[in-house]
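Trainee: Chains as they are written, first to last, in our numbering: chain A, 611 to 817; chain B, 611 to 817. Even glycine gets a Cβ: it sits at the ideal position worked out from N, Cα and C.
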DNA sequence: CTGCATCCGCTTCGATACTG
DNA sequence: CAGTATCGAAGCGGATGCAG
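Structural data, given as structure tokens:
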């Protein structure tokens, strides 16, 4: 818990007392896709000072949002994972992301953390445009593969996994993906059915 | 727009670039119930320095969230009001408030702004417990009257308005209301049907 | 190598005073 | 009423150090 509090009898103010500090919700976003180690968190959040990450994790632990767990050998490590209370922030993050979606247009030369890629795909997904669609896409950004599965008007995003028999394979880097999301495919290696790429473009749209 | 940005291609990070600074979302909450003047905002947000309020309003204006408008005579003034983009933050605030609801238990000696009272009532409202309910309650906290109308499983909250023929009238102050929300009615003047008070208590519940 | 703590320069915040 | 000016305190970002 930070020292600075709003001191208001208001559910919004109370939530912001816990979540409102810089980096806090981005750390929660990182943990949304599963437990992570301290160093992995730091690597995915450039600009966040190491001691500040430690402080935020302490506050999140104290707030009942994050649990610290020792992973036994063979690969001993400390991982941080969300509690149920932490996972309940999914709705908060979803709404903030939906609101923030138009702002992605302004993005230039930004970093693309793995979890941001996953959240981005979920946020750009248009359920109504995917009603009759049922296929899988292979996406690979900066060497990190993601399987995107569209099915029954929903999207499933699996990190670090190879899609089997994808309708289209897109291999690119951060810049290429950002341009792709803007509807300007360049610097991307695309293999497969061009129609499938168009279908993907309609389902995952920035506008 | 603040100078500090996350520089991530992520809809959450982009939203937080605009909304993540201290006080920003609380100012939006204040404006959610209608336009307000500079001084009214400052009075409802104790602890917020005047120059910081000016800076936040500038940023919110620049971000397309708040519009500055001159009200012509007979009562000339400057008011700030939300744009459609600003009103779209309703869902964000609602989710944050729902998540923060349990934290209200910890509240001691807090300030209760008018808009926090309204948001609090909307957040504490249990739709399922109000399915067959159709009545109006008069609530008055620190001299500010609020008409709470429960109807068809929804709640309507009208600030600065007197409820007509309310099922119960509750007149209290900040401390009294906070205790009331915790289920400890004390220091509150209550008039009307005791059963109606119980019904209100089931519909508006902290737990 | 991981998981921090410490130090330092800069920015932001909070409180008060002051002005058109 | 609607802000700007000023200033000490706290928070942040980056680099470095260090124990397990």
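Just by C-beta distance, which residues in the segment 725-737 of chain B are closer than 7 Å to chain A?
Mentor: 726, 729, 730 and 733
Trainee: Does residue 645 of chain B come out as helix, strand or coil in the three-state DSSP assignment?
Mentor: Translated into positions along the second chain, residue 645 of chain B becomes position 35. It is coil, neither helix nor strand.
Trainee: Could you check if residue 681 of chain A is buried or exposed, using at least 16 other CB atoms within 10 Å of its CB as the buried criterion?
Mentor: What you label residue 681 of chain A is simply residue 71 of the first chain in a count that begins at 1. Answer is exposed; the Cβ neighbour count stays below 16.
Trainee: Tell whether a beta-carbon distance below 8 Å holds between residue 732 of chain B and residue 767 of chain B.
Mentor: Indexing the second chain from 1 puts residue 732 of chain B at position 122. Indexing the second chain from 1 puts residue 767 of chain B at position 157. Yes, they are a contact pair.
Trainee: With DSSP run on the structure shown, which of helix, strand or coil describes residue 811 of chain B?
Mentor: If you number the second chain from 1, residue 811 of chain B lands on position 201. Three-state DSSP puts residue 811 of chain B in a helix.
Trainee: With the cut-off set at 8 Å, would you say residue 703 of chain A and residue 639 of chain A are in Cβ contact?
Mentor: Residue mapping note: residue 703 of chain A aligns to position 93 of the first chain, counting from 1. Residue mapping note: residue 639 of chain A aligns to position 29 of the first chain, counting from 1. Yes, these two residues count as a Cβ contact at 8 Å.
Trainee: Using the three-state DSSP reduction, which class does residue 802 of chain B fall into: helix, strand or coil?
Mentor: Mapped onto the second chain, residue 802 of chain B falls at position 192. Note: residue 802 of chain B maps to strand in three-state DSSP.
Trainee: With burial defined as no fewer than 16 other Cβ atoms inside 10 Å of the residue's Cβ, what is the status of residue 882 of chain B: buried or exposed?
Mentor: Since the first residue of chain B shown is 611 and the last is 817, residue 882 of chain B is not available in this structure.
Trainee: Can you look up residue 766 of chain B in the DSSP assignment and give me helix, strand or coil?
Mentor: Numbered from its first residue, the second chain carries residue 766 of chain B at position 156. Strand.
Trainee: Please report whether the beta-carbon of residue 769 of chain A lies at a distance below 8 Å from any beta-carbon of chain B.
Mentor: Reading the first chain from its first residue, position 159 is the one you call residue 769 of chain A. Not an interface residue.
Trainee: Counting only Cβ pairs nearer than 7 Å, list the residues of chain B close to residue 705 of chain A.
Mentor: The residue given as residue 705 of chain A occupies position 95 in the first chain. Correct list: 701, 702 and 705.
Trainee: If we define contact as Cβ-Cβ less than 8 Å, is residue 646 of chain B a contact residue for chain A?
Mentor: Your numbering for residue 646 of chain B matches position 36 in the second chain. Not closer than 8 Å to any Cβ of chain A, the Cβ of residue 646 of chain B fails to qualify, so no.
Trainee: Could you compute how far the alpha carbon of residue 637 of chain B sits from the alpha carbon of residue 787 of chain B?
Mentor: Taking the first residue of the second chain as 1, we reach residue 637 of chain B at position 27. Taking the first residue of the second chain as 1, we reach residue 787 of chain B at position 177. Taking the straight line from one Cα to the other gives about 23 Å.
Trainee: Would a check of beta-carbon distances place residue 826 of chain B closer than 8 Å to chain A?
Mentor: Nothing in the structure corresponds to residue 826 of chain B, since chain B is present only between 611 and 817.
Trainee: Check residue 613 of chain A in the structure and name its three-state DSSP category.
Mentor: Indexing the first chain from 1 puts residue 613 of chain A at position 3. Looking at residue 613 of chain A - three-state DSSP - the assignment turns out to be coil, as it is neither helix nor strand.
Trainee: Can you tell me the Cβ-Cβ gap for residue 652 of chain B and residue 688 of chain B, rounded? I've got them flagged as a contact below 8 Å.
Mentor: For this step, residue 652 of chain B is matched to residue 42 along the second chain. For this step, residue 688 of chain B is matched to residue 78 along the second chain. Rounded, the Cβ-Cβ distance is 13 Å, inconsistent with contact.
Trainee: Please classify residue 748 of chain A: is it buried, with 16 or more other beta-carbons within 10 angstroms of its beta-carbon, or exposed?
Mentor: In the first chain, counting from the first residue as 1, residue 748 of chain A sits at position 138. Classification for residue 748 of chain A: buried.
Trainee: Name the chain B residues whose beta carbon is nearer than 8 Å to that of residue 793 of chain A?
Mentor: In the first chain, counting from the first residue as 1, residue 793 of chain A sits at position 183. Ordered by position in chain B, no residue passes the 8 Å Cβ test against residue 793 of chain A, which lies about 15 Å from the chain.
Trainee: Quick one: is residue 657 of chain A near chain B, going by C-beta distance under 8 Å?
Mentor: Counting from 1 along the first chain, the entry for residue 657 of chain A is found at position 47. Closer than 8 Å to some Cβ of chain B, the Cβ of residue 657 of chain A qualifies, so yes.
Trainee: Rounding to the nearest angstrom, what Cα-Cα distance links residue 631 of chain A and residue 814 of chain B in this structure?
Mentor: For this step, residue 631 of chain A is matched to residue 21 along the first chain. For this step, residue 814 of chain B is matched to residue 204 along the second chain. If you take the alpha carbons of residue 631 of chain A and residue 814 of chain B, they lie about 30 Å apart.
Trainee: By the three-class DSSP mapping on this structure, what secondary structure does residue 698 of chain A have?
Mentor: Within the first chain, residue 698 of chain A is the residue found at index 88, counting from 1. In the structure shown, residue 698 of chain A sits in coil (DSSP, three-state: anything other than H, G, I, E or B).
Trainee: Quick one: does residue 572 of chain A have its CB under 8 Å from some CB of chain B?
Mentor: Residue coverage of chain A in this structure runs from 611 to 817, which leaves residue 572 of chain A outside it and unanswerable.
Trainee: Please report whether the beta-carbon of residue 692 of chain A lies at a distance below 8 Å from any beta-carbon of chain B.
Mentor: On the first chain, position 82 is the one that residue 692 of chain A refers to. Chain B contact via Cβ: absent.
Trainee: Could you give the first and the last residue of the continuous beta strand (DSSP E) run that contains residue 680 of chain A?
Mentor: Locating residue 680 of chain A in the first chain gives position 70, counting from the first residue. 676-681 is the span of the beta strand (DSSP E), which, as asked, contains residue 680 of chain A.
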